[in-house]
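Asker: Dumping the structure here so I can ask a few things about it.
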Amino acid sequence: MASLEFNKAKYQPNISAFLALCGRNYAYILKWLPNDSVNASWLVQGEFGILAVSVVENTKYTQLVEISRDVPQSFFLNPPKVLVRIYHDAQLAEVLTSRQICHLKPVYNYPNSDMHQIDEKYRINAFLEELLKIGCHPMGSMDLTQQ
Numbered sequence: 002m003a004s005l006e007f008n009k010a011k012y013q014p015n016i017s018a019f020l021a022l023c024g025r026n027y028a029y030i031l032k033w034l035p036n037d038s039v040n041a042s043w044l045v046q047g048e049f050g051i052l053a054v055s056v057v058e059n060t061k062y063t064q065l066v067e068i069s070r071d072v073p074q075s076f077f078l079n080p081p082k083v084l085v086r087i088y089h090d091a092q093l094a095e096v097l098t099s100r101q102i103c104h105l106k107p108v109y110n111y112p113n114s115d116m117h118q119i120d121e122k123y124r125i126n127a128f129l130e131e132l133l134k135i136g137c138h139p140m141g142s143m144d145l146t147q148q
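Heads up: the sequence shown begins at 2 in the numbering used here, then just goes up one per residue.
What follows is the structure, given as structure tokens:
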């Protein structure tokens, strides 16, 4: 019997596709992001739901924004929540952390003990794009820190 050899090519992230995705996310966020607010929180309502947004950090060229969506309480489902770095000079928005992952690696070995996909970083940024498509109609600023 001949031995089976798997010549699977090493995964190479598509940097152009990732930057294009981050550019689209920046364009979505820019539609409802205030210019100079720090520690501000507001709701963004759209056709498919409501996003809770808060500016965590505001610097000259970047902002750190937390975006979450409330979903009905469930034992099996955690509401989505991401921390996004917005690069105004490069016009990009990138997910830094998600509810399940504290620090996103560019590439994960697969299989791994945490069950992350090989292209987890790209997938989470693609998920952010889907979250941002919920809508771009602000309901108004309100303090959401007293939940």
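Think of the CB as a built atom: it goes at the ideal place given N, C-alpha and C, for glycine as much as any other residue.
Go to residue 29, then tell me how far its alpha helix (DSSP H) extends in each direction, as first and last residue.
Answerer: Residue numbering aside, residue 29 sits at position 28 when the sequence shown is read from its first letter. 16-31 is the span of the alpha helix (DSSP H), which, as asked, contains residue 29.
Asker: Would you say residue 128 lies against chain D (beta-carbon separation less than 9 Å)?
Answerer: Going by chain labels, chain D is absent from the structure shown, which holds only one protein chain.
Asker: At what residues does the alpha helix (DSSP H) containing residue 95 begin and finish?
Answerer: The residue given as residue 95 occupies position 94 in the sequence shown. Per DSSP, residue 95 belongs to no alpha helix (DSSP H); it is in the beta strand (DSSP E), 93-99.
Asker: I'd like the span of the alpha helix (DSSP H) that includes residue 53, first residue to last.
Answerer: One-based indexing of the sequence shown puts residue 53 at position 52. Where residue 53 is concerned, there is no enclosing alpha helix (DSSP H), although the beta strand (DSSP E) around it starts and stops at 50-59.
Asker: Is residue 40 buried or exposed, if buried means 16 or more other CB atoms sit within 10 Å of its CB?
Answerer: By one-based count along the sequence shown, residue 40 stands at place 39. Residue 40 is classed as exposed because its beta carbon has fewer than 16 other beta carbons within 10 Å across all chains shown.
Asker: Check whether the Cβ atoms of residue 83 and residue 58 lie closer than 9 Å to each other.
Answerer: On the sequence shown, residue 83 is found 82 positions in, with the first residue counted as 1. On the sequence shown, residue 58 is found 57 positions in, with the first residue counted as 1. No. Outside cutoff.
Asker: Go ahead and label residue 99 buried or exposed: buried means 16 or more other beta carbons lie within 10 angstroms of its beta carbon, across all protein chains shown.
Answerer: Here residue 99 refers to the residue found at position 98 of the sequence shown. When all chains shown are included, residue 99 counts as buried.
Asker: Are the region 20-27 and the region 47-61 in contact at 8 Å, needing three or more beta carbon pairs?
Answerer: no
Asker: Just tell me which of 86, 79 and 31 has its CA closest to the CA of residue 134.
Answerer: Your numbering for residue 134 matches position 133 in the sequence shown. Ranking 86, 79 and 31 by Cα distance to residue 134 puts 31 first.
Asker: Quick one: using the 10 Å Cβ neighbour count with 16 as the cut-off for buried, is residue 90 buried or exposed?
Answerer: The residue labelled residue 90 in the question sits at position 89 within the sequence shown. It counts as exposed.
Asker: Is residue 132 helix, strand or coil when you go by DSSP?
Answerer: Working through the sequence shown from its first residue, we reach residue 132 at position 131. Of the three classes helix, strand and coil, the one that applies to residue 132 here is helix, per DSSP.
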